[in-house]
Amino acid sequence: MAPRKNAKGGGGHSSSSSSGSGSGSGSPSTGSSGSSSSPGARREAKHGGHKNGRRGGISGGSFFTWFMVIALLGVWTSVAIVWFDLVDYEEVLGKLGVYDADGDGDFDVDDAKVLLGLKERSTSEKTFPPEEAKPPAELEEQAPEGAEVQNAEDEVKEQIQSLLQESVHTEYDPQLEAEGPAGERQPEVEDFLTVTDGDDRFEAMESGAVHEETEDSYHMEEMASQDHPNDVEEMMHEQERSDPSETARDIDEPQQGAEEATHQDYAEPVYEHSENEGIEISDNTIEDSSIISEEINVPSVEEQQDTPPVKKKKPKLLNKFDKTIKAELDAAERLRKRGKIEEAMNAFEELVRKYPQSPRARYGKAQCEDDLAEKRRSNEVLRRAIETYQEAASLPDAPTDLVKLSLKRRSERQQFLGHMRGSLLTLQRLVQLFPGDTTLKNDLGVGYLLMGDNDSAKKVYEEVLNVTPNDGFAKVHYGFILKAQNKIAESIPYLKEGIESGDPGTDDGRFYFHLGDAMQRVGNKEAYKWYELGHQRGHFASVWQRSLYNVNGLKAQPWWTPRETGYTELVKSLERNWKLIRDEGLMVMDKAKGLFLPEDENLREKGDWSQFTLWQQGRKNENACKGAPKTCALLEKFSETTGCRRGQIKYSIMHPGTHVWPHTGPTNCRLRMHLGLVIPKEGCKIRCANETRAWEEGKVLIFDDSFEHEVWQDASSFRLIFIVDVWHPELTPQQRRSLPAI
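Read the sequence shown against the UniProt record's numbering and you will find it ends at 742, with the numbers running on by one and no gaps.
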């Protein structure tokens, strides 16, 4: 039994050898379990020693003492880290947020279960993507350390706050926004499409004399999408023109088969095209396209996807105070991300009440109001959101990123409501606060374009291109402005290089449209290659059909018969009464030639072309109908034309020597009827796609003007026709009621 006793007590040569190597863990139990009967052995064991004089471990009391010392050191170290703000917890949590698998905005036990395969990933919360769930490339970079950097940052914040405080109660007085400074004439905002949705609808500017195919105007329309987050911080440092892109991207008509459009509109709006049924365009239909040797070097969609993502700095939205209430802010934000907007609103309102100095709480409240306005389709709630964004940006110690995001979103929502002047003032302030941010300058240029101030927009883009000559967004917009000024040849390289850059906001159907149109006008056959590329990218339904306001799935063909349209009664009525219609048109020409207004949409290469409009956008022109009362009475019973809010009813007179450039209408939602009234025997013809026809007196031609068409008038006398637009026959009654007017 001696060897066993010796082993337990730590005695013996072999035992001491092993216990010495593990004295930190094994020795205390060894010493405490010794069974020596002698007092000396017990004393030796008590002190952790061995019979050979070696120290074998620490006693139970000593172990407890050291444990407490280490624990206290840990506690005080943690206190010091928190007290002196040595660790950026927002950054740490942001990195863990990469592994947020259940969509609740943080990394927790549930996320770990998903990653380990013990729980299924949630798919029910795609509508409100968590702010932190970003790819690693978007994680926040470490802020530089050092007193000099901190002092510089504080100085910038002070400058921003002083600028914000100067204008908070002056620039954004509601009456000032509506009327402008005293004595200053408000620019008219034309071509802003109306948005209707029953009794409770989002407001938009009432359009003035809206031209159907204007190329030089620049207006904006935003579509409803529940998939569009209001979390602009998640897209910081990205160019949205994309509608504003994108911008697009907010409240409009119900999506029940409605057009898939997005939306800052220049000449015509943009649409997201999904395959339409249409005519096949063979390689032979594009004349001489094979002789073009120059390649179009636009990055493909696959190449853009393969490009490594640019590392973006995650915006900092919390100041020092907000970090102390981060748990409360996060709880409210999680509610908003999960779509519990009313609960989130209550939570943020309570935070604003408790902490009125918190910029992040105020910003969260603005986002909730923004979301709620979209949910309820309420202008009043949206106006509150606009003001709350302003309040958040104006609070003392608001982080610069929060200021930028708040004002940027404020500008976008002002544009949506048609408050173009207020939006422009917000953009001007942003550029003043962040003069080195070319993205904001690009947005300011768009703001000027929306106001119809092309000259100011041009100066902005010239300034951007002087600093960053390869800015693709600035190039395409500068090219657009040059084309609007009829500097066709000068516009081409800017549009072309801008699209080829692949920069955000440049792969847009509007720019392909204007580049191809400019090339056609200078005789460059490469135009059709750009149209083909636009078609491949989903911007155009085909090379020929290049309208930009479209409803997907409508039958598409350039020429139609009355039977195909289903409007045979209307056609019969027009052809039976063609002389009556002609005579009233001729009387208007004789009595009041001024009622025929010249075409002013820059569609003519040469010649004289005027029009006299009876209905536009589904609205009757009562004064005009006094000049042609019988014609107007005849049409009243045909709602497919008088109610066509995307068309017109008008007389069109064209004099000899006129040529109308190849062009397309703005939408595939209508068909166009031409009734021949006074037609010379020869010299007048119209081409739609690759088929050319001529008018006959008393007969109706029907074509889809969303296809490219061109007109020649080489006769010896004038040509008079009557134009009647009708809804595309495949549109549902709901679509005809809900589609915005053009």
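Every residue gets a Cβ at the ideal spot worked out from N, C-alpha and C, and that includes glycine.
Problem set entry | Spatially closest choice to Lys-496 from Thr-642, Thr-468, Glu-691, Glu-526, by CA coordinates | Counting from one through the sequence shown, the residue named residue 496 turns up at place 496. Nearest option by C-alpha distance: Glu-526.
Exercise. Who are the near neighbours of Glu-569 in its chain, counting only those whose CB is closer than 8 angstroms to its CB and skipping five residues on each side?
Worked result: One-based indexing of the sequence shown puts residue 569 at position 569. Closer than 8 angstroms at the Cβ level, and outside the excluded window around Glu-569, lie Phe-638.
For this session: Could you please give me the residues that DSSP links to Leu-427 through a beta bridge?
Result: The sequence position of residue 427 within the sequence shown is 427, counting from 1. In DSSP, Leu-427 forms no bridge with anything.
For this session: Could you give the DSSP three-state label for Gln-264: helix, strand or coil?
Result: For the purposes of this step, residue 264 is taken as residue 264 along the sequence shown, with counting starting at 1. Note on Gln-264: pLDDT 38, under 50, position unreliable in the model; the coordinate value appears next. DSSP, reduced to helix, strand and coil, places Gln-264 within a strand of the structure shown.
Exercise. Is the CB of Thr-641 under 9 angstroms away from at least one CB in chain B?
Worked result: In the structure shown, chain B cannot be found, because there is only a single protein chain.
For this session: Tell me whether the beta-carbon of Gly-665 lies closer than 9 angstroms to the beta-carbon of Cys-644.
Result: As a position in the sequence shown, residue 665 is number 665, starting the count at 1. As a position in the sequence shown, residue 644 is number 644, starting the count at 1. Not closer than 9 angstroms, so no.
For this session: Just confirm the distance between the C-beta atoms of Asn-470 and Ser-501, as a whole number of angstroms; I'd bet it's less than 8 angstroms.
Result: As a working mapping, residue 470 is identified with position 470 in the sequence shown. As a working mapping, residue 501 is identified with position 501 in the sequence shown. The pair is a contact, with the Cβ atoms about 7 angstroms apart (cut-off 8 angstroms).
For this session: May I have the straight-line CA-CA distance separating Glu-387 from Gly-538, to the nearest angstrom?
Result: On the sequence shown, position 387 is the one that residue 387 refers to. On the sequence shown, position 538 is the one that residue 538 refers to. Put simply, the backbone Cα of Glu-387 is about 38 angstroms away from that of Gly-538.
Exercise. Quick one: does the C-beta of Asp-503 sit closer than 8 angstroms to a heavy atom of the ligand SAM?
Worked result: Among the ligands in the structure shown, none appear at all, so the ligand SAM cannot be discussed.
Problem set entry | Reduced DSSP category for Thr-77 - H, G, I as helix; E, B as strand; rest coil | In the sequence shown, the residue the question calls residue 77 occupies position 77. Residue state for Thr-77 is assigned as helix, using DSSP reduced to three classes.
For this session: Could you tell me which of Val-467, Gly-436, Thr-426 sits nearest to Tyr-448, measuring between CA atoms?
Result: For the purposes of this step, residue 448 is taken as residue 448 along the sequence shown, with counting starting at 1. Of the candidates Val-467, Gly-436, Thr-426, the residue whose Cα lies closest to the Cα of Tyr-448 is Thr-426.
For this session: Report buried or exposed for Val-724, applying the criterion of at least 16 other Cβ atoms within 10 angstroms of its Cβ.
Result: Sequence index remark: in the sequence shown, residue 724 carries index 724 (1-based). Label assigned to Val-724: buried.
Problem set entry | Ser-78, buried or exposed, once every other Cβ within 10 Å from all chains shown has been counted against 16 | Translated into positions along the sequence shown, residue 78 becomes position 78. Flag for Ser-78 reads exposed.
Problem set entry | Length of the line joining the Cα atoms of Pro-740 and His-728 | What you label residue 740 is simply residue 740 of the sequence shown in a count that begins at 1. What you label residue 728 is simply residue 728 of the sequence shown in a count that begins at 1. Those two C-alpha atoms are separated by around 15 angstroms.
Exercise. Since Glu-708 contacts Arg-546 with CB under 8 angstroms, what's their CB separation in whole angstroms?
Worked result: For the purposes of this step, residue 708 is taken as residue 708 along the sequence shown, with counting starting at 1. For the purposes of this step, residue 546 is taken as residue 546 along the sequence shown, with counting starting at 1. With a contact defined as Cβ atoms closer than 8 angstroms, Glu-708 and Arg-546 qualify at about 7 angstroms.
Exercise. Does the count of Cβ pairs from the stretch 684-696 and the stretch 560-574 closer than 8 angstroms reach three?
Worked result: No: the two stretches stay apart, fewer than three of their Cβ pairs being nearer than 8 angstroms.
Exercise. Count the other CB atoms within 10 Å of the CB of Arg-421; is the residue buried (16 or more) or exposed (fewer)?
Worked result: Translated into positions along the sequence shown, residue 421 becomes position 421. In summary, Arg-421 is buried, with 16 or more beta-carbon neighbours lying within 10 Å of its beta-carbon over all protein chains present.
For this session: Below 7 angstroms CB to CB, which residues in the same chain sit around Val-460 once its five sequence neighbours on both sides are set aside?
Result: Sequence index remark: in the sequence shown, residue 460 carries index 460 (1-based). Cβ contact annotation for Val-460 (same chain, cutoff 7 angstroms, sequence separation greater than five): Lys-441, Leu-444, Gly-445, Tyr-448, in chain order.
Exercise. So does the stretch 708-723 actually touch the stretch 655-662, counting three or more Cβ pairs closer than 8 angstroms?
Worked result: The stretch 708-723 is in contact with the stretch 655-662.
Exercise. When the Cβ atoms of the stretch 341-361 are set against those of the stretch 321-333, are three or more pairs found closer than 8 angstroms?
Worked result: Counting Cβ pairs under 8 angstroms, three or more are found: they touch.
For this session: Identify which residue in Ile-653, Arg-360, Glu-575, Ser-411 has its Cα closest to the Cα of Gly-607.
Result: By one-based count along the sequence shown, residue 607 stands at place 607. Ranking Ile-653, Arg-360, Glu-575, Ser-411 by CA distance to the CA of Gly-607 puts Ile-653 first.
Exercise. Per DSSP, Ser-610 is paired with what?
Worked result: If you number the sequence shown from 1, residue 610 lands on position 610. The bridge partners DSSP lists for Ser-610 are Pro-598, Ile-653.
Exercise. If you draw a straight line from the C-alpha of Ala-373 to the C-alpha of Arg-360, how long is it?
Worked result: For this step, residue 373 is matched to residue 373 along the sequence shown. For this step, residue 360 is matched to residue 360 along the sequence shown. Here the alpha carbon of Ala-373 sits roughly 20 angstroms from the alpha carbon of Arg-360.
Problem set entry | Run of the alpha helix (DSSP H) containing Cys-625, from where it starts to where it stops | Here the question's residue 625 lines up with position 625 in the sequence shown. Counting along the chain, the alpha helix (DSSP H) containing Cys-625 begins and ends at 622-627.
Exercise. Going straight from the alpha carbon of Arg-576 to that of Lys-408, what length do you get?
Worked result: Taking the first residue of the sequence shown as 1, we reach residue 576 at position 576. Taking the first residue of the sequence shown as 1, we reach residue 408 at position 408. Here the alpha carbon of Arg-576 sits roughly 58 angstroms from the alpha carbon of Lys-408.
Problem set entry | Pair within 9 angstroms by beta-carbon distance, Asn-602 and Asn-486 | If you number the sequence shown from 1, residue 602 lands on position 602. If you number the sequence shown from 1, residue 486 lands on position 486. A Cβ-Cβ contact shorter than 9 angstroms links Asn-602 with Asn-486.
Exercise. With C-beta atoms as the reference, is Val-352 less than 9 angstroms away from Lys-365?
Worked result: Here residue 352 refers to the residue found at position 352 of the sequence shown. Here residue 365 refers to the residue found at position 365 of the sequence shown. Taking 9 angstroms as the Cβ cut-off, Val-352 and Lys-365 qualify as a contacting pair.
Exercise. Where does Gln-414 sit, in a helix, a strand or coil, going by DSSP?
Worked result: Counting from 1 along the sequence shown, the entry for residue 414 is found at position 414. Looking at Gln-414 - three-state DSSP - the assignment turns out to be helix.
Exercise. Considering His-663, what are the terminal residues of the alpha helix (DSSP H) in which it resides?
Worked result: Position 663 of the sequence shown, counting from 1, holds the residue named residue 663. Note, His-663: premise wrong, no alpha helix (DSSP H); beta strand (DSSP E) at 658-663.
For this session: Given a cut-off of 9 angstroms, decide if Leu-317 and Leu-402 are closer than it, judged by their beta-carbon atoms.
Result: Translated into positions along the sequence shown, residue 402 becomes position 402. Translated into positions along the sequence shown, residue 317 becomes position 317. It is a contact, given that the beta carbons lie within the stated cut-off.
For this session: To the nearest angstrom, report how far apart Cys-632 and Gln-734 are at their CA atoms.
Result: One-based indexing of the sequence shown puts residue 632 at position 632. One-based indexing of the sequence shown puts residue 734 at position 734. Between Cys-632 and Gln-734, the C-alpha separation is close to 26 angstroms.
For this session: Figure out for me which residue from Arg-693, Trp-544, Ser-378, Phe-596 has the closest Cα to the Cα of His-663.
Result: Position 663 of the sequence shown, counted from the start, is the residue given in the question as residue 663. Out of Arg-693, Trp-544, Ser-378, Phe-596, Trp-544 has the C-alpha closest to the C-alpha of His-663.
Exercise. Which class does Val-464 belong to by DSSP, given the choice of helix, strand or coil?
Worked result: Along the sequence shown, read from residue 1 onward, the residue named residue 464 stands at position 464. Residue state, collapsed to three classes: helix.
For this session: Give me the Cα-Cα distance between Thr-127 and Gly-647, rounded to the nearest whole angstrom.
Result: The residue you call residue 127 lines up with position 127 of the sequence shown. The residue you call residue 647 lines up with position 647 of the sequence shown. At Thr-127 the pLDDT is 36, less than 50, meaning the model places this residue with poor confidence and gives no usable figure here.
Exercise. Going by the beta-carbon positions, is the gap between Phe-513 and Val-476 smaller than 9 angstroms?
Worked result: Mapped onto the sequence shown, residue 513 falls at position 513. Mapped onto the sequence shown, residue 476 falls at position 476. Cβ atoms of Phe-513 and Val-476: not closer than 9 angstroms.
For this session: Using DSSP bridges, identify the partner residues of Lys-685.
Result: The residue given as residue 685 occupies position 685 in the sequence shown. BP columns for Lys-685 point to Trp-712.
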